[in-house]
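For reference, the structure discussed in these notes is given below.
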Ligand code: SAM
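Numbering (the numbering used here), first residue to last: 6 to 287.
If you want it as structure tokens, here you go:
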């Protein structure tokens, strides 16, 4: 038995025939010390619903419950994992609800009432679309009060990148306009079964009460796509995709038309997005 009174995860996987399915991004964490460290990063775990995406055999789910989570709602696509998750639910009566479905389709805000936090070791293929969906949420502040998520290190670096750095791009702007974003720690590939090709990192995003300046997410996505789509070009050139006279717009906002997208602060992109929406309305 493990410390939590449940069988070791390797046994669970064997008993339920949970061989890793690559198409579902299945790289499992067996080390309860590591999963408990991830769970503690999201603390406090009481007084709210913890939403976990992709519990698989339940390594992180068990850690969340062992660290005191009062209620966990876990969304898993692979039906083979359901019996293993049912055993965890029976071990922690009334504290774990499992939704069998695709996290990209499940309407989570409709299923959860009261405060919530999202904690997940995300399947690589759907990690970024899920994050963008959570960040694009309206109204704002959103239904969750924090996101504690595992990504490939390269994606984690992009989420938290500062202007001027190589990793700074569209994902940095939307993440940091909406949230305070921090890379907490790295997780070596050897911690997973089977090991992925690259290192992973845990990032934490805490929604800002107000995203300033206020702008539409769609307009922000358009200006960042234009700017970073041609990141080696000067903005007076790259922003031609969205503004008829980009040089005039940039000057009006006190921005250097010869700068490149990576030199603009997050708030500057939001100011450009406001200008873009004004242009569309006018
Ligand atoms: N949480 C477990 C752990 O840390 O060991 C498993 C993490 S594994 C990287 C990703 C999990 O997400 C797998 O269990 C996989 O079946 C599940 N998954 C993949 N795509 C999904 C989707 N669209 N919706 C919900 N779960 C998904």
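Using N, Cα and C, we set each Cβ at its ideal position, and we do this for glycine too.
Keep in mind the model is a prediction, meaning the values are calculated, not measured.
- Annotation for residue 257: the continuous alpha helix (DSSP H) segment containing it runs 251–257.
- For residue 126, the uninterrupted beta strand (DSSP E) run begins and ends at 121–126, by DSSP.
- About 15 angstroms separates the Cβ atoms of residue 74 and residue 37, ruling out a contact at the 8 angstroms cut-off.
- With a threshold of 6 angstroms, the Cβ atom of residue 156 does not count as near ligand 1, since no heavy atom of the ligand is closer than that.
- Within the stretch 64–115, complete alpha helix (DSSP H) segments of at least 4 residues are found at 64–71 and 87–96, given in chain order.
- Separation of residue 225 and residue 274 (C-alpha to C-alpha, rounded to the nearest whole angstrom) is 7 angstroms.
- The residue from 159, 22 and 125 with its alpha-carbon nearest to that of residue 176 is 159.
- Apart from the 5 residues on each side of it in sequence, residue 187 sits with its Cβ closer than 7 angstroms to the Cβ of 165, 208 and 209 in its chain, given in chain order.
- Annotation for residue 194: 200, 201, 202, 203, 204 and 205 place their beta carbon closer than 8 angstroms to its own, counting only its chain and skipping 5 residues before and after.
- The DSSP-derived three-state label of residue 134 is helix.
- Its Cα nearest to that of residue 99, the residue 76 stands out among 144, 266, 76 and 279.
- A distance of 7 angstroms or more separates the beta carbons of residue 72 and residue 39.
- In the structure shown, the three-state DSSP call for residue 273 is helix.
- Contact annotation: the stretch 123–134 touches the stretch 53–66, with at least three C-beta pairs closer than 8 angstroms.
- Taking each of 103, 138, 88 and 268 in turn and checking the Cα distance to residue 110, the smallest one comes out for 138.
- Comparing C-alpha distances from residue 8 to each of 33, 25, 41 and 31 shows the shortest one belongs to 41.
- With contact defined as three or more Cβ pairs closer than 8 angstroms, the stretch 144–158 and the stretch 103–123 are in contact.
- For residue 117, there is no enclosing alpha helix (DSSP H), as DSSP gives it neither H nor E.
- Residue 158 carries a helical assignment under DSSP once its states are collapsed to helix, strand and coil.
- The Cβ atoms of residue 184 and residue 278 lie no closer than 7 angstroms to each other.
- Rounded to the nearest angstrom, the Cβ distance from residue 189 to residue 46 is 6 angstroms, consistent with a contact under 8 angstroms.
- Residue pairing from DSSP places residue 54 in a beta bridge opposite 76 and 121.
- Closest option to residue 35, judged by alpha-carbon separation, among 26, 29 and 18: 18.
- With a minimum length of 4 residues, the unbroken runs of alpha helix (DSSP H) contained wholly in the stretch 167–244 fall at 175–183, 222–234 and 240–243.
- Annotated as proximal: residue 233 and residue 174, with beta-carbon spacing under 7 angstroms.
- DSSP places residue 11 outside both helix and strand once states are collapsed to three, so it counts as coil.
- In the three-state DSSP reduction, residue 260 falls in the coil class, being neither helix nor strand.
- Judged by the Cβ position, residue 9 fails to qualify as a neighbour of ligand 1 at the 6 angstroms threshold, every heavy atom of the ligand being at least this far.
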